[in-house]
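Our numbering numbers the first residue of the sequence shown as 300 and each following residue consecutively.
Comments concern the structure below.
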Amino acid sequence: PGVQKLRGGEALAFARDRHSLPAGDFGRSEDAGRLLIAALAQFRKEFAKDPSRLLTWVAGGFRNMQTEAPLNDVLALAFTCSLVNPKHVENVVAPGTTGMAGGISIVNLSSQAQTIFNDMRKDGLVSKRNIPPSPNANLLH
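Right under this line is the structure:
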């Protein structure tokens with residue numbers, strides 16, 4: 300309930316957890332999206348006060364991930380993020396079902412997922428009519 304402040308390991312645990320969520324992998328995907336939107340909001344807050352914080356965020360990313368993207372592309376993405384209002388970002392989880400294949404848990408996307416992808420193709424936006432219900436909706440009440 301309310302705003303939660305998470306450190307690195309706590310944030311990672313939050314984004315990875317699926318076993319405590321009724322919607323499993325779909326709930327985890329939604330929580331990961333919530334975490335990314337919260338990180339975007341925090342980044343923009345820091346960037347607005349001091350644009351050099353962008354370099355701190357990029358350096359933190361490089362310390363904690365691997366990428367083949369060249370530095371200039373990563374910097375361009377970071378500057379783009381400074382322009383994206385997190386209040387205008389919709390956290391959409393592609394709907395589907397879970398199953399097993401070769402003893403491994405998998406996600407099978409539904410036809411509604413293809414409708415969402417087709418909707419996004421032109422401008423990257425999902426029409427309100429195509430936004431599925433939250434996988435974690437029952438936890439948010």
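Ideal Cβ placement from N, Cα and C applies to all residues, glycine included.
The model shown is predicted, which means the values in this text are computed figures rather than measured ones.
Asked: DSSP beta-bridge partners for Asn407?; Found: Thr396
Asked: Taking the alpha helix (DSSP H) that Asp324 belongs to, which residues open and close that run?; Found: 323-348
Asked: For Val388, which of Leu334, Gly360, Gln303 has the nearest alpha-carbon?; Found: Leu334
Asked: Can at least three beta-carbon pairs, one atom from the segment 432-439 and one from the segment 317-331, be found at a separation below 8 Å?; Found: yes
Asked: Might you give, ordered along the chain, the residues of its own chain that have their beta carbon closer than 7 Å to the beta carbon of Gln450, omitting 5 neighbours on each side?; Found: The requested residue 450 does not occur in the structure, where the chain is confined to residues 300 to 440.
Asked: With C-beta atoms as the reference, is Gly401 less than 9 Å away from Asn407?; Found: no
Asked: Assign Ser328 to buried or exposed, taking buried as 16 or more other Cβ atoms, counted over all protein chains shown, within 10 Å of its Cβ.; Found: buried
Asked: Helix or strand or just coil, what does DSSP make of Pro385?; Found: helix
Asked: Among the candidates Lys344, Ala338, Ala314, whose CA atom is the shortest distance from the CA of Gly360?; Found: Ala338
Asked: Do you know offhand how far Leu353's Cα is from Ile336's?; Found: 16 Å
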